[in-house]
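Engineer: Protein chains in written order, with the UniProt record's numbering: chain A, 1 to 319; chain B, 1 to 319. Just so you know, even glycine gets a beta-carbon here, dropped at the ideal spot from N, CA and C. All figures in this text were calculated on a predicted structure; none of them were measured in a lab.
Number of protein chains: 2
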Amino acid sequence: MEYKQTNDEKPTSSKDGLHISNRHLVSQKEDILYHFDLGTSTHDFVAMFGDIKFVCVGGSRWRMKAFSQHMAEMLGLGNATDDIPNICEGTDRYNMYKVGPVLAVSHGMGIPSISIMLHELIKLLYHAKCFDVTAIRIGTSGGIGVEPGSVVITRTSLDASFKPYFEMNVLGKTMIHSTQLHTCLGQELLKCSKEINEFPTLIADTMCTSDFYEGQARLDGAFCTYTEEEKMEYLQSAHAAGVRNIEMESSVFAAMCIRSGMKGAVVCVCLLDRLKGDQITSSHQVLNDYQIRPQKLVTCFIKKQLKKALEPQNLSNRV
Amino acid sequence: MEYKQTNDEKPTSSKDGLHISNRHLVSQKEDILYHFDLGTSTHDFVAMFGDIKFVCVGGSRWRMKAFSQHMAEMLGLGNATDDIPNICEGTDRYNMYKVGPVLAVSHGMGIPSISIMLHELIKLLYHAKCFDVTAIRIGTSGGIGVEPGSVVITRTSLDASFKPYFEMNVLGKTMIHSTQLHTCLGQELLKCSKEINEFPTLIADTMCTSDFYEGQARLDGAFCTYTEEEKMEYLQSAHAAGVRNIEMESSVFAAMCIRSGMKGAVVCVCLLDRLKGDQITSSHQVLNDYQIRPQKLVTCFIKKQLKKALEPQNLSNRV
Numbered sequence: 001m002e003y004k005q006t007n008d009e010k011p012t013s014s015k016d017g018l019h020i021s022n023r024h025l026v027s028q029k030e031d032i033l034y035h036f037d038l039g040t041s042t043h044d045f046v047a048m049f050g051d052i053k054f055v056c057v058g059g060s061r062w063r064m065k066a067f068s069q070h071m072a073e074m075l076g077l078g079n080a081t082d083d084i085p086n087i088c089e090g091t092d093r094y095n096m097y098k099v100g101p102v103l104a105v106s107h108g109m110g111i112p113s114i115s116i117m118l119h120e121l122i123k124l125l126y127h128a129k130c131f132d133v134t135a136i137r138i139g140t141s142g143g144i145g146v147e148p149g150s151v152v153i154t155r156t157s158l159d160a161s162f163k164p165y166f167e168m169n170v171l172g173k174t175m176i177h178s179t180q181l182h183t184c185l186g187q188e189l190l191k192c193s194k195e196i197n198e199f200p201t202l203i204a205d206t207m208c209t210s211d212f213y214e215g216q217a218r219l220d221g222a223f224c225t226y227t228e229e230e231k232m233e234y235l236q237s238a239h240a241a242g243v244r245n246i247e248m249e250s251s252v253f254a255a256m257c258i259r260s261g262m263k264g265a266v267v268c269v270c271l272l273d274r275l276k277g278d279q280i281t282s283s284h285q286v287l288n289d290y291q292i293r294p295q296k297l298v299t300c301f302i303k304k305q306l307k308k309a310l311e312p313q314n315l316s317n318r319v
Numbered sequence: 001m002e003y004k005q006t007n008d009e010k011p012t013s014s015k016d017g018l019h020i021s022n023r024h025l026v027s028q029k030e031d032i033l034y035h036f037d038l039g040t041s042t043h044d045f046v047a048m049f050g051d052i053k054f055v056c057v058g059g060s061r062w063r064m065k066a067f068s069q070h071m072a073e074m075l076g077l078g079n080a081t082d083d084i085p086n087i088c089e090g091t092d093r094y095n096m097y098k099v100g101p102v103l104a105v106s107h108g109m110g111i112p113s114i115s116i117m118l119h120e121l122i123k124l125l126y127h128a129k130c131f132d133v134t135a136i137r138i139g140t141s142g143g144i145g146v147e148p149g150s151v152v153i154t155r156t157s158l159d160a161s162f163k164p165y166f167e168m169n170v171l172g173k174t175m176i177h178s179t180q181l182h183t184c185l186g187q188e189l190l191k192c193s194k195e196i197n198e199f200p201t202l203i204a205d206t207m208c209t210s211d212f213y214e215g216q217a218r219l220d221g222a223f224c225t226y227t228e229e230e231k232m233e234y235l236q237s238a239h240a241a242g243v244r245n246i247e248m249e250s251s252v253f254a255a256m257c258i259r260s261g262m263k264g265a266v267v268c269v270c271l272l273d274r275l276k277g278d279q280i281t282s283s284h285q286v287l288n289d290y291q292i293r294p295q296k297l298v299t300c301f302i303k304k305q306l307k308k309a310l311e312p313q314n315l316s317n318r319v
């Protein structure tokens, strides 16, 4: 087993800022982003995506469409009821919507699914010569010792053994990447939450698992090899390690943001408190209200950033 | 680190045959299958699903709909152009279609995504009192040393280090499950392929990875920390270990079939030969033709099984 730290990599910067670390890609004539059904020979990436400054990603394609419509209204670029075309309409793997400088992309569930999307997204932004890009995952999660409806901004993503890194198998060897999210970005998002003042928000560690049932110590999967006492002991240990919510994508998201030079944040609402149960029994209306909270927070943040960029003293750094 | 073999489990059989191994579930009044938007209090599972004998799963929701339409025509239950309603229309996580005794369900990409689906699917079949269920994954894959368009029926699913089992983290401990697919079922499927006689089909080992780019030694991801020589050495080692194709779901699929008592098969077409390249550059038409091959094979198998079940000497075991 061989360990390799992220900072061993020697990133190849595109001349405009986004890092990639792949000299093979630079010499490749054409790049087909298979799971987006987009390619550098068939699409003009600079024209289509060159102005992107914010990428918001989430598991559900319906939620990402609703988010882009909400964003359009909030940025004065349309009404929330306007249809926004899906840029990846040639495939059913991911959906993608663009609203001004904001790109919204769905990523499905789990580390492998978001990892494929992020590889192709980072290549897309690289080919489009984007720079100073902020990436935010908006999602749902199970809380640990927090009120349902609370929003958790992730400090560090921990694995199922509470270790603060992401392990992956490359050519049969284990590689390790840091999973710390961007501190200042997290603080800015927390400030927005205070301004909105509608729901509890906290910065804390998030546990990222590879399974929703046994992997998150649920008692209600098809299989369960442990007792309720063992479940509670495990969740209490997670709580003691600083974990306040559990989801399934934050670790590789954090790792790939760091590797590509994007500022990254993970903002998830808690649908339930896992110390009190496993099944998600709230009504659709309550769950919908919860799911809108990360969107509200991120929309507020992006509006503020765009306003700030237009202030005279910042125009040289304009977004 | 603690290892636990599948055969340590003491399955709780439903009185009609399908295994679950969760005494908590048996005592639970209501069961909400959150990612299907179905529940035992709101839906009559026995009436809706009691006659299911075959479950076919695949990553793409479009492909699973097309498969169910093809199946309807082949079983004389409709035309291939008829619309078939999506049973999970209340959610965008998975799509589900039913055609007579055949259930077709999409599962997204990667082990975590299919694992959530399978937990809820196995519970669904258990609540519906199904028995003698055969589960087949039909998918796409990258070949190793086989012609593009070849269909691989998986013997055993190997991990990225070529080990023949599935590792998962449960309560912070590593658990291990067997990943051998059903031998007789694989042979039956191979026989069908010989009868169809339209495309090469083989039984071989399949490697199951957690990433499509670095995890499969591709040179065209956003990151690549190895040389072309190291990539080729790894793929050649996989070939020497018996691997003929790579995909991202077979290991947990095999493990959960064994654990639940379903006969399981994985039938994937190879879209390219990874020893010759990484990008999927074939035309849409060629790729579509390839993707239909596992469907053809499985449809032929199911038709034969249903015909066999109606023969007089088998009517006591009728499906």
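Does the count of Cβ pairs from the stretch 57-72 of chain A and the stretch 97-104 of chain A closer than 8 Å reach three?
Structural biologist: yes
Engineer: Return the chain-ordered list of same chain residues with a C-beta closer than 8 Å to the C-beta of Asp31 (chain B), the five sequence neighbours on each side being excluded.
Structural biologist: Leu25, Gly39, Thr40, Lys123 and His127
Engineer: Which same chain residues, not among the five before or five after Phe166 (chain A), have their C-beta less than 6 Å away from its C-beta?
Structural biologist: His177, Thr179, Ser251, Val252 and Ala255
Engineer: Go ahead and pull the three-state DSSP assignment for Lys53 (chain B).
Structural biologist: The DSSP-derived three-state label of Lys53 (chain B) is coil.
Engineer: Step through the CB atoms of chain A and report whether any lies within less than 9 Å of the CB of His43 (chain B).
Structural biologist: Contact with chain A is absent for His43 (chain B), since none of that chain's Cβ atoms lies less than 9 Å from the residue's Cβ.
Engineer: When we look at the beta-carbon of Gln285 (chain A) and count the other beta-carbons within 10 Å, is it buried (16 or more) or exposed?
Structural biologist: exposed
Engineer: Taking Cβ positions only, does Lys15 (chain A) come closer than 9 Å to chain B?
Structural biologist: Its pLDDT being 45, under 50, Lys15 (chain A) is placed unreliably in this model, and the coordinates cannot settle the point.
Engineer: When we look at the beta-carbon of Glu195 (chain A) and count the other beta-carbons within 10 Å, is it buried (16 or more) or exposed?
Structural biologist: exposed
Engineer: Let me check understanding here. Comparing Cα to Cα, which of B:Ala222, B:Gly172 and B:Glu247 lies closest to Lys231 (chain A)?
Structural biologist: B:Gly172
Engineer: Have a look at A:Ile292, A:Glu120 and A:Gln313 and flag the residue whose alpha-carbon is nearest the alpha-carbon of Thr140 (chain A).
Structural biologist: A:Ile292
Engineer: Going by alpha carbons, who is nearest to Leu219 (chain B) out of A:Val243, A:Val170, A:Gly110 and A:Lys276?
Structural biologist: A:Val170
Engineer: Could you tell me whether any Cβ in chain A is nearer than 9 Å to the Cβ of Tyr290 (chain B)?
Structural biologist: no
Engineer: Under 9 Å between the Cβ atoms of Gly149 (chain A) and Cys300 (chain A)?
Structural biologist: Against a cut-off of 9 Å, the Cβ pair of Cys300 (chain A) and Gly149 (chain A) comes out as no contact.
Engineer: How is Asn169 (chain A) classed by DSSP in three states: helix, strand or coil?
Structural biologist: strand
Engineer: Can you list the residues of chain A that His182 (chain B) reaches, using a CB-CB cut of under 9 Å?
Structural biologist: Under the 9 Å cutoff, chain A gives no residues; its nearest Cβ is about 18 Å from His182 (chain B).
Engineer: Please go through the stretch 128-160 of chain A and give each complete beta strand (DSSP E) segment of 3 or more residues, from N-terminal end onward.
Structural biologist: 134-143 and 151-158, all fully within the stretch 128-160 of chain A.
Engineer: Could you name the residues of the same chain whose beta carbon sits closer than 6 Å to that of Met168 (chain B), not counting the 5 residues immediately before and after it, in chain order?
Structural biologist: Correct list, in chain order: Met175.
Engineer: Determine the chain B residues that contact Gln28 (chain A) at a beta-carbon separation under 7 Å, and present them in chain order.
Structural biologist: Asp220
Engineer: Quick one, which of B:Leu75, B:Ile84 and B:Ile114 has its alpha-carbon nearest Tyr94 (chain B)'s?
Structural biologist: B:Ile114
Engineer: Nearest chain B C-beta to Thr299 (chain A) closer than 9 Å, yes or no?
Structural biologist: no
Engineer: What did DSSP end up calling Ser260 (chain A) once you bin it into helix, strand or coil?
Structural biologist: helix
Engineer: Ends of the beta strand (DSSP E) at Ala204 (chain B)?
Structural biologist: Where Ala204 (chain B) is concerned, the enclosing beta strand (DSSP E) stretches over Thr201 to Cys208.
Engineer: By DSSP, does Ile196 (chain B) sit in helix, in strand, or in coil?
Structural biologist: helix
Engineer: So for Asp273 (chain A), helix, strand or coil by DSSP?
Structural biologist: strand
Engineer: Which bits of chain A does Arg259 (chain B) rub up against, with CB to CB less than 9 Å?
Structural biologist: Ala222 and Phe223
Engineer: Would you tell me roughly how many angstroms separate the C-alpha atoms of Glu89 (chain A) and Arg23 (chain B), rounded to the nearest one?
Structural biologist: Taken atom to atom, the span from the alpha-carbon of Glu89 (chain A) to that of Arg23 (chain B) is near 44 Å.
Engineer: Could you say if the stretch 295-309 of chain B and the stretch 64-75 of chain B meet the contact criterion of at least three C-beta pairs nearer than 8 Å?
Structural biologist: yes
Engineer: Are at least three pairs of beta-carbons, each pair with one atom in the stretch 153-165 of chain B and one in the stretch 198-211 of chain A, less than 8 Å apart?
Structural biologist: no
Engineer: Starting from Arg244 (chain A), trace the beta strand (DSSP E) in both directions and tell me its first and last residue.
Structural biologist: Val243 to Glu247
Engineer: Is it buried or exposed, residue 326 (chain B), if we count other Cβ atoms within 10 angstroms and call 16 or more buried?
Structural biologist: Chain B is shown only over 1 to 319; residue 326 (chain B) falls outside these bounds and no answer can be derived.
Engineer: Which value, in whole angstroms, describes the spacing of the CA atoms of Asp44 (chain A) and Asn288 (chain A)?
Structural biologist: 37 Å
Engineer: Give a yes or no on whether 9 Å exceeds the smallest Cβ distance from residue 323 (chain B) to chain A.
Structural biologist: This structure cannot settle anything about residue 323 (chain B), because the visible part of chain B is limited to 1 through 319.
Engineer: Just confirm the distance between the C-beta atoms of Glu147 (chain B) and Thr206 (chain B), as a whole number of angstroms; I'd bet it's less than 8 Å.
Structural biologist: Contact flag wrong, Cβ pair sits at about 16 Å.
Engineer: What does a CB cutoff of less than 7 Å around Leu190 (chain B) pick up in its chain, not counting 5 residues either side in sequence?
Structural biologist: Ile153, Thr201 and Ile203
Engineer: So if I threshold CB-CB distances at 8 Å, which residues from the stretch 134-163 of chain B count as touching chain A?
Structural biologist: Asp159, Ala160, Ser161 and Phe162
Engineer: Name, please, each residue of chain A whose Cβ falls closer than 7 Å to the Cβ of Tyr213 (chain B).
Structural biologist: His119
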